[in-house]
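Below you'll find the structure, written out as structure tokens, and then a few comments.
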Amino acid sequence: MKSVKKNKGLFDLSQKTQNVFNQPGKISKQKADEEPLRNKILERAYFIWEEKGRPCNTELENWFQAEEEIIRKQNINRKK
């Protein structure tokens, strides 16, 4: 049987990446900040879909519309 030679550089990189993800507070904080926004957009997209009569294949259109509405609303509130 031939032994498989591992690419040490790639292995080292994946270990470093894994260590970063395992450290609480580094990447999880950014993800935690984005989660409420994502949930608002998801909820609004669902209601847009319902308002349109639940048509098929409109997920992206509904998502983009909801995203635009939510972000515009946030920007207006920041200006006040």
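Plus 2 on top of the position in the sequence shown (first one is 1) and you've got the working numbering. Backbone N, C-alpha and C define an ideal beta-carbon position, used for all residues, glycine too. Everything numeric in this text was worked out from a predicted model, so none of it was measured.
At least 8 Å separates the beta-carbon of residue 42 from that of residue 78. For residue 59, the three-state secondary structure derived from DSSP is coil.
The alpha carbon of residue 48 has as its nearest neighbour, out of 74, 68 and 33, the alpha carbon of 68. For residue 64, the number of other beta carbons within 10 angstroms of its own is at least 16, and it is reported as buried. Rounded to the nearest whole angstrom, the CA to CA distance from residue 40 to residue 61 is 14 Å. Looking only at 37, 31, 33 and 46, the smallest Cα-Cα distance to residue 75 is reached by 46. Here the C-alpha atom of residue 52 lies approximately 21 Å from the C-alpha atom of residue 38.
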